[in-house]
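Report on the structure given below.
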Amino acid sequence: MRLASISNQLIIIALVLVGLYVGKSLIIPFVVAVVVWYLLNSLANLVGRIRFRKKEMPRVLQLAIAFILFIGLTTFLTQLVISNFEVFTTQYPRYHNNFVRLTSQLGSSFDLNFLDVDYTSSFDLPGLLAGAIDSSLGFVSSFFLVLLYVVFLLLEQQIFEVKLKLIFKDRGEYVRFFSIVRQVDESIHSYVSVKTSLCLLAGILSYLVMLFIGVDFAVLWALLIFLFNFIPIIGAFIGVILPSMIALLQFGSYLEPVLVFSLLLGIELVIGNFVEPKVLGTKLNLSPLVVILSLTFWGALWGVAGMFLCVPITVILMIILSQFEKTRNIAILLSGGKSGLNQ
Numbered sequence: 599m600r601l602a603s604i605s606n607q608l609i610i611i612a613l614v615l616v617g618l619y620v621g622k623s624l625i626i627p628f629v630v631a632v633v634v635w636y637l638l639n640s641l642a643n644l645v646g647r648i649r650f651r652k653k654e655m656p657r658v659l660q661l662a663i664a665f666i667l668f669i670g671l672t673t674f675l676t677q678l679v680i681s682n683f684e685v686f687t688t689q690y691p692r693y694h695n696n697f698v699r700l701t702s703q704l705g706s707s708f709d710l711n712f713l714d715v716d717y718t719s720s721f722d723l724p725g726l727l728a729g730a731i732d733s734s735l736g737f738v739s740s741f742f743l744v745l746l747y748v749v750f751l752l753l754e755q756q757i758f759e760v761k762l763k764l765i766f767k768d769r770g771e772y773v774r775f776f777s778i779v780r781q782v783d784e785s786i787h788s789y790v791s792v793k794t795s796l797c798l799l800a801g802i803l804s805y806l807v808m809l810f811i812g813v814d815f816a817v818l819w820a821l822l823i824f825l826f827n828f829i830p831i832i833g834a835f836i837g838v839i840l841p842s843m844i845a846l847l848q849f850g851s852y853l854e855p856v857l858v859f860s861l862l863l864g865i866e867l868v869i870g871n872f873v874e875p876k877v878l879g880t881k882l883n884l885s886p887l888v889v890i891l892s893l894t895f896w897g898a899l900w901g902v903a904g905m906f907l908c909v910p911i912t913v914i915l916m917i918i919l920s921q922f923e924k925t926r927n928i929a930i931l932l933s934g935g936k937s938g939l940n941q
């Protein structure tokens with residue numbers, strides 16, 4: 599009987615995983631929409647602190663202003679990427695020549711004949727641009743789907759509490775459910791606020807370093823460093839590699855790229871190993887091993903989107919699992935061994 603029960607559970611888990619993978623084109627935009635919806639509500643709370651004649655703005659107006667600010671910021675960042683991309687195409691011949699010269703020098707110095715070949719002669723920049731445009735169109739369609747989900751979530755939240763009161767006839771169950779929601783909200787809010795501040799700090803410091811050295815597209819690389827820092831473990835390293843590579847192509851020497859790489863990596867190491875643990879502490883109560891496994895699992899399942907979302911998803915799962923006796927041990931395994939599961 600117990601074996602049959604375990605088999606049924608494994609089948610259910612397998613079906614869920616298959617569903618998450620097969621339906622990721624629809625599920626990922628919805629999950630992203632939930633994150634955006636959460637950020638919009640947080641931004642609306644900040645807007646709500648503004649008083650006119652000591653009166654608070656209506657909630658609908660707060661959300662409308664937050665939504666407009668979000669669209670404006672998204673439009674600005676999109677224009678920033680497009681403008682930098684256009685400049686890159688004009689600078690490409692110079693990067694091409696520097697790369698050919700560097701590889702030739704390296705091949706001559708170490709007698710590496712394969713480096714003497716001009717690999718970039720067959721480099722199809724128009725083809726890459728066409729591919730980038732196709733990817734951009736896919737991103738735009740996904741973005742509009744996310745916005746559609748967000749609009750319906752904003753409409754739904756107005757009557758969601760009424761629905762819950764109708765669902766939970768028992769007052770105790772209603773209170774318990776909202777206790778779980780509150781824990782999830784506090785944990786995710788703590789993670790998002792602290793992580794965003796630290797990613798912003800890393801982006802600003804990296805921008806100042808690249809501006810001082812004179813790296814092309816410093817604003818764009820700082821923005822990417824800010825975004826990639828949301829990916830645990832490997833995100834910071836990717837953010838450092840990209841501007842270091844462009845510095846190599848830009849300057850045509852090894853001094854500036856090594857300097858860029860060393861300084862940016864130093865910023866990431868200080869923030870990641872000293873500042874973040876001190877500021878964030880054990881609020882999330884996640885095991886470091888679980889973070890790595892979560893990054894691997896969600897990255898394999900949902901790609902880059904899964905890497906960005908792995909920590910919030912794991913935190914939510916841990917909190918929910920900790921509320922039920924049968925799954926509490928799983929929550930303990932996911933945790934960092936602190937006393938955060940004693941509720």
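Position one of the sequence shown corresponds to residue 599 (the numbering used here), numbered consecutively onward.
For each residue, glycine too, the CB sits at the ideal point set by N, CA and C.
All figures in this text were calculated on a predicted structure; none of them were measured in a lab.
Closer than 6 Å: R657 CB and nearest the ligand GDP heavy atom: Of the ligands one can find in the structure shown there are none, so the ligand GDP has no counterpart to examine.
Exposure of F835, with buried meaning 16 or more beta-carbon neighbours within 10 Å: exposed
Under 7 Å between C-beta atoms of L893 and P841: no
Environment of P627 [buried if 16+ CB atoms lie within 10 Å]: buried
Distance CB(A816)-CB(L809) smaller than 7 Å: yes
Buried versus exposed call for F872 [16 or more other C-beta atoms within 10 Å across all chains shown]: exposed
Nearest-angstrom beta carbon gap, L846 and V888 [assumed within contact, 8 Å]: The pair is not a contact, with the Cβ atoms about 36 Å apart (cut-off 8 Å).
In chain order, each alpha helix (DSSP H) run of at least 4 residues that lies wholly inside the segment 800-888: 816-826, 832-849, 853-868 and 874-878
Reduced DSSP secondary structure (H/G/I, E/B, other) of F697: helix
Proximity of K622 and W900 at Cβ, strictly below 7 Å: yes
Proximity of F906 and F828 at Cβ, strictly below 7 Å: yes
Close Cβ partners of V748 (< 6 Å) along its chain, the five nearest in sequence each way excluded: A631, V634 and W635
Cβ-Cβ distance between L818 and N682 below 7 Å: yes
Alpha helix (DSSP H) segment containing G904, residue limits: V902 to L919
Environment of L764 [buried if 16+ CB atoms lie within 10 Å]: exposed
Beta-carbon gap between I786 and V858 smaller than 7 Å: no
Element boundaries [alpha helix (DSSP H), containing P627]: K622 to V645
Nearest to L641 (by Cα), restricted to the options I669, V913 and G617: I669
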